[in-house]
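In the working numbering, the protein residues as written are 2 to 761.
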């Protein structure tokens, strides 16, 4: 086993034994929390909601809310909504799908596959930022995120979705289109152990435990939160199974009155078969959930299309006060080891439609392979790949009262080293190298190698801003952030060209921001923002002859946003308007006749405009009504069509919560979209997808057990996609069936789930 690989090896018995030990240690824990006084953290998104967050308020119950202190549109999803509505395997992408202008669906079922085409105001994954407790994370190659490889819903304490670049303190790989700020669950002041389980459609199962030590007075008021989850499902799509184990720990210890030390660690082990969708012809013949098969003679055999991924995330945080200076520092590391990943060369070729071979029956191996110059026309070609990286970084934030306001300043530095490889193989010959599908070399060991690369990304972002308190109810915050990216390569086989490449390129940009918040009253405020976003060129800009990156400018945005927020006990309401000018849009073009690889060019820009509104109204005791609306328009300088950008999104539904009974039934509508220019369809304007509405039902009951060994218990029932909509909604870019038809995904059918938990 690779010595650098983080291995998650935890058994149910080991977890239970650890819980029992910690309960003994914390037997004298008091039911209280510690107070660190005025220690603050500058610049991180407020994912806990507004000031009116008391239990039973509209903000507490709301699927999304905004704070009266907001200086830009930041929709906060609270822990109450997550606990009551998230499905067993849900990731942050599933949770935020309820928000206005956000589109996200897992085609294999909630949490059972990485989300396809998560869109925020039309910006796709890689064009917006994702953080965990303020720390940015993601792939350095294209700034995208692996939603099934990190944090599970059971450990998320809230999510704030910033619909723009934010102020100067908002750092990350790509603040270009916004930030999804995931916050970890905090330890509880009282000792408690929770055992929980869920069972659902498609043989879905979750078993897990959470442990809170409470305030351990004998150990300096330290607190520990620990959880373990074992999740598995066959998935909605044929042979699209997933198994996932996740361990999470958060430890907090105060040192004196003004210092808090936090240690967080997470490990995740994932095994999954990777569906690629199906053509309309395949869906008509085998069902809308057709994808992989049990036929080992086929390129879409599930055994040839699977991932083994291990990931981890750790940080040590220190919050303290040094005189008049508040300091918050996080030293962190995270890793992603995709080793190996397997796929058929053309998984969509899986079934020979001309002879009617069904999944699981002997079929035709369409392409054949060539090994050592010998043709094997009936064998199954495929690929094996690795992508292993680790990031190490530090995030320092400081703030100090100065004059009529507060000065915030700090810096983020991150270095990610990545090893990537891909080779052509023959599955029929036990994965032997297959040189017949390699276009770069004709002989030698590299004749079957698509890529063999070592790359690194170094990122540095210092910032400074001043929150000027013009009046007690009016703040104006100007700020500057400096963004520096440097990419370097040492590749024996560079992807796209097949040639060796050693080189580097760096980009810099100064990003100004200006925000203001004016509070008309304790419950009502107005805000405005001007901010610039920035995204360095993607790694794929190096996948061409001579790596002509110097001709490309960083992609950037200028954002103008205004809005208002009302936050009271019975109503949380917000509305905003925005305009975004996207310049230096990079698009792929042909490099010319006889030239291997894809080249890129600056095609101009995109102008976005629209707005969002959301409200939760508590109109009766224990009963609220939630709704939201997003309107998103755009125009491109070259007339191209943006992928997965609906003109409208909307949500509506009631919520009931009396402390024992909880129920919600919320509908989310997504308007018509396209797969985007260049992805087929009439006039090359993409594949058109119609609007759809998904309705989710959740109900649960919490009760005192009357048992000496258990305090409370809860039972729950969920139905996702209540009315069983199975519309075609997404295109799997780059894959077709044997006849050249694109592979598509449909909405997963109605999903049932029952939940059980016991609190000790």
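We put the beta carbon where it would ideally sit given N, CA and C, even for glycine. Quantities reported herein were computed from a predicted structural model and do not represent experimental measurements.
If you follow the alpha helix (DSSP H) that residue i is in, where does it begin and where does it stop?
| i | result |
| --- | --- |
| residue 81 | 80–86 |
| residue 96 | 93–96 |
| residue 283 | 281–287 |
| residue 61 | 59–62 |
Let's test the definition: count the other Cβ atoms within 10 Å of the Cβ of residue i and tell me whether it reaches 16, buried, or not, exposed.
| i | result |
| --- | --- |
| residue 473 | exposed |
| residue 756 | buried |
| residue 152 | buried |
| residue 481 | exposed |
| residue 743 | buried |
| residue 745 | buried |
| residue 644 | buried |
| residue 752 | buried |
| residue 622 | exposed |
| residue 205 | buried |
| residue 253 | buried |
For residue i, which beta-bridge partners are listed by DSSP?
| i | result |
| --- | --- |
| residue 122 | Answer is none; residue 122 lacks a bridge partner. |
| residue 702 | 662, 716 |
| residue 581 | 560, 609 |
| residue 211 | 195, 228 |
| residue 334 | 315, 393 |
| residue 1 | Nothing about residue 1 can be read from this structure; the chain reaches only from 2 to 761. |
| residue 239 | In DSSP, residue 239 forms no bridge with anything. |
| residue 68 | Note: residue 68 sits in no beta bridge, so no partner. |
| residue 731 | 746 |
| residue 469 | 406, 477 |
| residue 348 | Note: residue 348 sits in no beta bridge, so no partner. |
| residue 159 | 79, 184 |
| residue 129 | None; residue 129 has no bridge partner. |
| residue 576 | 565, 614 |
| residue 519 | 475, 527 |
| residue 206 | 200, 233 |
Out of the options, which has the shortest C-alpha to C-alpha gap to residue i?
| i | options | result |
| --- | --- | --- |
| residue 491 | 433, 418, 537 | 418 |
| residue 581 | 570, 555, 611, 575 | 611 |
| residue 167 | 534, 260, 186, 747 | 534 |
| residue 410 | 425, 478, 433, 459 | 478 |
| residue 314 | 714, 578, 729, 137 | 137 |
| residue 628 | 99, 528, 103 | 99 |
| residue 669 | 97, 187, 583, 186 | 97 |
| residue 403 | 607, 466, 388 | 466 |
| residue 635 | 57, 674, 656 | 674 |
| residue 61 | 624, 493, 243, 536 | 624 |
| residue 677 | 667, 565, 450, 123 | 123 |
| residue 711 | 102, 196, 156, 127 | 196 |
| residue 322 | 703, 399, 293 | 399 |
| residue 615 | 427, 577, 688, 319 | 577 |
| residue 631 | 183, 649, 617, 637 | 649 |
| residue 142 | 515, 329, 458, 242 | 458 |
| residue 244 | 640, 269, 652 | 269 |
| residue 104 | 672, 759, 203, 460 | 672 |
| residue 667 | 660, 639, 720, 638 | 720 |
| residue 556 | 488, 758, 125, 539 | 539 |
| residue 483 | 504, 234, 536, 509 | 509 |
| residue 713 | 63, 731, 254, 758 | 758 |
| residue 620 | 396, 297, 573 | 573 |
How far does the beta strand (DSSP E) with residue i in it reach, from first residue to last?
| i | result |
| --- | --- |
| residue 252 | 243–255 |
| residue 629 | 624–637 |
| residue 181 | 180–185 |
| residue 672 | First-last for residue 672: undefined, no H or E at that position. |
| residue 267 | 261–274 |
| residue 710 | Neither: residue 710 is in no beta strand (DSSP E) and is coded neither H nor E. |
| residue 753 | 752–760 |
| residue 536 | 525–536 |
| residue 106 | 103–106 |
>> Three Cβ pairs or more, each shorter than 8 Å: is that satisfied between the segment 67–77 and the segment 703–715?
In response: Contact check between the segment 67–77 and the segment 703–715: fewer than three CB pairs, one atom from each, fall below 8 Å, which does not count as touching.
> Between the segment 196–214 and the segment 261–272, do three or more beta carbon pairs fall short of 8 Å?
Replying inline: The segment 196–214 vs the segment 261–272: no contact.
> Per the contact definition of three or more C-beta pairs closer than 8 Å, is the segment 114–125 in contact with the segment 694–701?
Replying inline: They do not touch, by the three-pair rule.
>> Check whether the segment 86–106 and the segment 156–176 are in contact - that is, three or more C-beta pairs closer than 8 Å.
In response: Three or more Cβ pairs closer than 8 Å define a contact, and the segment 86–106 meets that threshold against the segment 156–176.
>> Would you call the segment 726–734 in contact with the segment 169–189, where contact means no fewer than 3 C-beta pairs closer than 8 Å?
In response: Using a Cβ-Cβ distance cut-off of 8 Å, the segment 726–734 and the segment 169–189 are not in contact, since fewer than three pairs of beta carbons, one from each stretch, lie closer than that value.
> Within the chosen definition, does the segment 514–530 reach the segment 75–92 through at least 3 CB pairs nearer than 8 Å?
Replying inline: In short, these stretches do not touch, since the Cβ pair count stays below three.
>> Would the segment 215–232 count as touching the segment 181–188 if we require 3 or more Cβ pairs under 8 Å?
In response: Enough Cβ pairs lie closer than 8 Å, so yes.
> Counting Cβ pairs, one atom from each stretch, are 3 or more of them under 8 Å apart for the segment 331–346 and the segment 386–393?
Replying inline: The segment 331–346 makes contact with the segment 386–393, as at least three CB pairs between them are under 8 Å.
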